[in-house]
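**Q** In this text, residue positions in the sequence shown follow my numbering: the first is 2, and each later residue adds one.
Positions of the beta carbon are idealized from the N, C-alpha and C atoms, including for glycine.
Computed from a predicted model, the values in this text were never measured in an experiment.
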Amino acid sequence: PNVLALDEPTNHIDDAARQLLIGALRHFRGVGLLVSHDRELLDALCDQCLFLDPPEATMRPGGVSHGLEQNAIEHDTVRREDDDAKRTIHRLQRETQRRREAAAQFAAKNQASKHKKPPAKDHDGSAKRNLAKLTGKDAFAGKLAGRMDNRARRAKETRASITVKKTYEMGIWLESNACSQRAHLFRLPAGDIPLGGDRRLRFPDLTMRPTDRVAITGPNGLGKSTLLRHILANLELPPDRLVHVPQEISAEESRRILAEVAALPKERLGQIMTIVSRLGSRPQRLIESNEPSPGEIRKILLAMGIAGRPHLIVMDEPTNHMDLPSIGCLEEALGECPCGLLLVSHDRRFLQALATINWDLVAHDDDSVVEVSLW
Numbered sequence: 002p003n004v005l006a007l008d009e010p011t012n013h014i015d016d017a018a019r020q021l022l023i024g025a026l027r028h029f030r031g032v033g034l035l036v037s038h039d040r041e042l043l044d045a046l047c048d049q050c051l052f053l054d055p056p057e058a059t060m061r062p063g064g065v066s067h068g069l070e071q072n073a074i075e076h077d078t079v080r081r082e083d084d085d086a087k088r089t090i091h092r093l094q095r096e097t098q099r100r101r102e103a104a105a106q107f108a109a110k111n112q113a114s115k116h117k118k119p120p121a122k123d124h125d126g127s128a129k130r131n132l133a134k135l136t137g138k139d140a141f142a143g144k145l146a147g148r149m150d151n152r153a154r155r156a157k158e159t160r161a162s163i164t165v166k167k168t169y170e171m172g173i174w175l176e177s178n179a180c181s182q183r184a185h186l187f188r189l190p191a192g193d194i195p196l197g198g199d200r201r202l203r204f205p206d207l208t209m210r211p212t213d214r215v216a217i218t219g220p221n222g223l224g225k226s227t228l229l230r231h232i233l234a235n236l237e238l239p240p241d242r243l244v245h246v247p248q249e250i251s252a253e254e255s256r257r258i259l260a261e262v263a264a265l266p267k268e269r270l271g272q273i274m275t276i277v278s279r280l281g282s283r284p285q286r287l288i289e290s291n292e293p294s295p296g297e298i299r300k301i302l303l304a305m306g307i308a309g310r311p312h313l314i315v316m317d318e319p320t321n322h323m324d325l326p327s328i329g330c331l332e333e334a335l336g337e338c339p340c341g342l343l344l345v346s347h348d349r350r351f352l353q354a355l356a357t358i359n360w361d362l363v364a365h366d367d368d369s370v371v372e373v374s375l376w
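1. List the residues that DSSP assigns as beta-bridge partners of residue 33.
2. What distance in whole Å lies between the Cβ atoms of residue 270 and residue 262, which are believed to be in contact at a cut-off of 8 Å?
3. Have a look at the DSSP bridge pairing and note the partners of residue 156.
4. For the 8 Å Cβ check, are there 3 or more pairs between the region 340-352 and the region 296-304?
5. Quick check: the Cα distance between residue 368 and residue 249, rounded to an integer number of angstroms?
6. Is the beta carbon of residue 351 closer than 8 Å to that of residue 314?
7. Work out the CA separation of residue 9 and residue 36 for me, nearest whole Å.
8. When you compare only the Cα positions, how much space is there between residue 135 and residue 100?
9. With DSSP as the reference, please indicate the residues paired to residue 370 in a beta bridge.
10. Determine the direct distance from the alpha carbon of residue 256 to that of residue 74, and round the result to whole angstroms.
11. Tell me whether residue 329 sits in a helix, a strand or coil according to DSSP, three-state version.
12. For residue 187, I'd like the list of residues in its chain whose CB is within less than 7 Å of its CB, leaving aside the five on either flank, ordered along the chain.
13. With H, G and I counted as helix, E and B as strand and the rest as coil, what does DSSP make of residue 240?
14. Which partner residues does residue 197 have in the DSSP bridge list?
15. Would residue 60 and residue 51 be called neighbours here (beta carbons separated by less than 8 Å)?
16. So is residue 286 buried or exposed if we call it buried at 16+ other beta carbons inside 10 Å?
17. Apply the 10 Å Cβ neighbour rule to residue 225 and answer buried if 16 or more other Cβ atoms are within range, or exposed otherwise.
18. Residue 132 to residue 103, Cα distance in whole Å?
19. Leaving out five residues before and five after residue 221 in sequence, what residues of the same chain have Cβ atoms less than 6 Å from its Cβ?
20. Quick check on the burial criterion: 16 or more other C-beta atoms within 10 angstroms. Buried or exposed for residue 293?
21. Rounded to the nearest angstrom, how far is the Cβ of residue 207 from that of residue 189, given a contact under 8 Å?
22. Identify the continuous beta strand (DSSP E) that holds residue 57 and give its terminal residues.
23. Can you tell me whether residue 158 is buried or exposed? The criterion is at least 16 other CB atoms within 10 Å of its CB, across all chains shown.
24. DSSP state of residue 317, grouped into three classes?
25. Taking the alpha-carbon of residue 182 as reference, which of 242, 216, 227 and 155 has the nearest alpha-carbon?
26. What does residue 218 pair with, by DSSP beta-bridge criteria?
27. Which residues bound the beta strand (DSSP E) around residue 188?
28. Using a Cβ-based criterion (distance less than 7 Å to any ligand heavy atom), does residue 76 qualify as near the ligand FMN?
29. By a C-beta neighbour count over all protein chains shown, 10 Å radius and 16 as the cutoff for buried, is residue 363 buried or exposed?
30. Report the CB separation of residue 244 from residue 306 in whole angstroms; it is logged as a contact under 8 Å.
31. When the Cα atoms are used, what is the spatial distance from residue 317 to residue 79?
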């Protein structure tokens, strides 16, 4: 074809399939249109990226990482310009007020001098000259105050022309979000799990300590979900200290979660919506929605768990269905978490930003084997 359009082509595919896809698309000689949150894919293939931030759309040369860097530089520049304009306005307003007060003082002295009788022997006219001086100072001070007022108004107009895009505050973790005091969150002795037919998933001793950050990786079909279910069945912590965000959440389950959140007391709801905001979504839109998007329902589920002071966060393919700004917010939020983190994902940049331990599933004969390494 002359034009090839792909919408999230790397969702649900593993690393090997991603590399095959990238290789095939590199040989395509037509016009390629990619809609994706996959930074590796976009950096490998794109000559330019269109960033959508309604009502604006900005085209930038190069891959998505370069474009995001330019966005950040421009945002910082605009933020500094806005801060400078704000300081200028405050300075001019203070100076305007000072000069108005000076003008008022001169006016008061002038008025008092008018009502004061000149000395009987004011032969040289000094009293009249002093009155003229006061009158002149009064007029001059008033003119200066007016000029400063005009400068302050122009500074306000300049600041109004500067558009500072909204940024999401971080800091969703409180001091009370302490990690578990247990020696470990779970411990699996070496063993194996059936995968169907004669195939088995074999693993060594697997232990997760309270502050460990573990990535589970490997090709599709080798048993990542099976291993995750086995881990969840052998946790050694109270259920209310676990946050589990599964890979798929049905529409019915999404509506149930939304109804549960809507029924919360105001203070609790406000706490959860603050966390949602800092994960990159507008809370009011979520509250008014009958059926949030898959990415938004994941944020709500994670926010509910974070508000409960978790000891372990488990997320299965967390970046699927999320846009790039949301992934950035999620990375920053999870990067600060004091609890254990267990992530199943094909998004290697996301995992490398957060995980320190890798449990990688590899094929061995007809079985799957878990290999443990540090990142």
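**A** Taking the geometry as given:
1. 5
2. 7 Å
3. Looking at the DSSP assignment, residue 156 forms no beta bridge with any residue, so it has no partner.
4. no
5. 26 Å
6. no
7. 6 Å
8. Summary for residue 135: the model assigns pLDDT 45, below 50, so the residue's position carries little reliability, and this model does not support an answer.
9. 203 and 363
10. 39 Å
11. helix
12. 209, 232, 235, 236 and 237
13. helix
14. 200
15. yes
16. exposed
17. buried
18. With a pLDDT of 46 at residue 132, under the threshold of 50, the modelled position of this residue cannot be trusted, and the question is left open.
19. 15
20. buried
21. 4 Å
22. 57-62
23. exposed
24. strand
25. 242
26. 361
27. 187-189
28. In terms of ligand content, the structure shown is empty, and the ligand FMN therefore cannot be addressed.
29. exposed
30. 3 Å
31. 37 Å
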